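3 is the number of the first residue of the sequence shown in the working numbering; add one for each residue after it. Here a beta-carbon is modelled for each residue, glycine too, at the ideal position from N, C-alpha and C. These numbers were taken from a predicted model, which means no experiment stands behind them. Notes to accompany the following structure.
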Amino acid sequence: MEDPGQRQEIQFIVRPEQEAGVYANFLAVWHSAHEFTLDFCTTQPARPAEDDPERMVMPCLVVSRIKIPVTLIFDVVRALNENMTRYEESFGEINRPGGAR
């Protein structure tokens, strides 16, 4: 049985095959009543649409799909915001490509 006064710490374990991570330059977010889904993707070269050669399609290859319970989404947003703030304090303002905000 755990001692209620005992300190606990979280230990992150990354499998060796996951240590390098995966590159993603596009994010799609969608949700159901019970979870948020984050699809991290890499964009592929644009090509004409099969049904309409006048229209260009940019395929996005999903490299990782993360499903998050609704109850955790505020913690995700808060962690990203806190880390963005620390990043900007260390390295300067983050600018979107092309200088757009």
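For residue 67, the secondary structure class from DSSP, reduced to helix, strand or coil, is strand. With contacts defined as CB atoms closer than 8 Å, residue 96 and residue 86 qualify as a contacting pair. Exclusion of the five residues before and after residue 65 leaves 24, 25, 26, 42, 43 and 44 as the residues of its chain whose Cβ lies within less than 8 Å of its Cβ. For residue 34, the closest C-alpha among the options 53, 73, 49 and 98 is that of 73. Taking the Cβ atoms as the reference, residue 67 lies roughly 6 Å from residue 39, within the contact range of under 8 Å. In the three-state reduction of the DSSP assignment, residue 50 falls in the strand class.
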